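Reviewing the structure listed below.
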Amino acid sequence: MAASWGNLLAFAALVVGTYGASDEKKVNKVFCYNSRSGEQSIYDNAIRDINLSGPIDWTQYRGKVVLVYPALNALQDSFKDFKVLGVPCNQFALQEPGDNGTEILNSLKYVRPGNGFEPNFELTEKIDVNGPNEHPLYTYLKSHCPPAWQSFASKYRLHYEGLQVSDVRWNFEKFLVDRKGVAVIRYSETFLPNDIRQDIQNLLAASES
Numbered sequence: 000m001a002a003s004w005g006n007l008l009a010f011a012a013l014v015v016g017t018y019g020a021s022d023e024k025k026v027n028k029v030f031c032y033n034s035r036s037g038e039q040s041i042y043d044n045a046i047r048d049i050n051l052s053g054p055i056d057w058t059q060y061r062g063k064v065v066l067v068y069p070a071l072n073a074l075q076d077s078f079k080d081f082k083v084l085g086v087p088c089n090q091f092a093l094q095e096p097g098d099n100g101t102e103i104l105n106s107l108k109y110v111r112p113g114n115g116f117e118p119n120f121e122l123t124e125k126i127d128v129n130g131p132n133e134h135p136l137y138t139y140l141k142s143h144c145p146p147a148w149q150s151f152a153s154k155y156r157l158h159y160e161g162l163q164v165s166d167v168r169w170n171f172e173k174f175l176v177d178r179k180g181v182a183v184i185r186y187s188e189t190f191l192p193n194d195i196r197q198d199i200q201n202l203l204a205a206s207e208s
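Letter by letter, the sequence shown follows residues 0 to 208 in numbering that gives the first Met the number 0.
Here is the structure:
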């Protein structure tokens, strides 16, 4: 599954992946750079749905905290005004080989995580999150948040050229986004979804005050 399953929609957005990078210089999470009013947000970056039938409707995410990340059914059900957005990617050990929405959903159901898993959150089209063909959504997310993990996985496991300091390191890296669509926190792939709950609660509470 791609490193960007979904980079929280209050808006929190997370990107998710599996373990693969070196243990060295690991940071669990980092706060994104302060954003100014009127600055770019995730809403400025159109992305298609998993079946390529049209663009994701950002209006259903506005005013919510969004998490871009996979396998987060329980987390999505736990909060009002919170959404998970999954973003498939195949740049990390070719873990998301599906060519279309049906193949990707079947892979989730029968392979990883398997056991009949069906996401209760929206999935985007499969994209590149790093390299010369990276999607503008990830260009935005990475430009607003420093890396949460300094080391890279072995080069033979990375299926793109031109490593950059800001790159997503592996599948299941996550980004939390506020109600205005601005990236707030970036999490490494090993940071567990359950440990994000407090950040979601804090962001939702701050948005209401």
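Note that the Cβ used here is the ideal one computed from N, Cα and C, for glycine as well. Note that the coordinates shown come from a computational prediction; the quantities given were computed from them, not determined experimentally.
- Under the DSSP assignment, residue 157 falls outside any alpha helix (DSSP H); it carries neither an H nor an E label.
- Taking C-beta atoms as the reference points, residue 180 and residue 42 count as a pair closer than 7 angstroms.
- Per DSSP, the unbroken beta strand (DSSP E) holding residue 186 starts and ends at 182-186.
- Between residue 65 and residue 183 a beta carbon distance of about 10 angstroms is seen, past the 8 angstroms cut, so the two are scored as non-contacting.
- Take residue 124, set aside five residues on each side of it, and the residues of its chain with a beta-carbon closer than 7 angstroms to its own are 46, 47, 48, 49, 51, in chain order.
- DSSP places residue 127 within a strand segment (E or B) once states are collapsed to three.
- In the DSSP assignment, residue 53 falls outside any alpha helix (DSSP H), carrying neither H nor E.
- Leaving aside the five residues that flank residue 74 on each side, the residues in its chain whose CB is nearer than 6 angstroms to its CB run, in chain order, 192.
- The shortest C-alpha to C-alpha distance from residue 72 to any of 156, 120, 137 is the one to 120.
- For residue 169, DSSP records no beta bridge to any residue.
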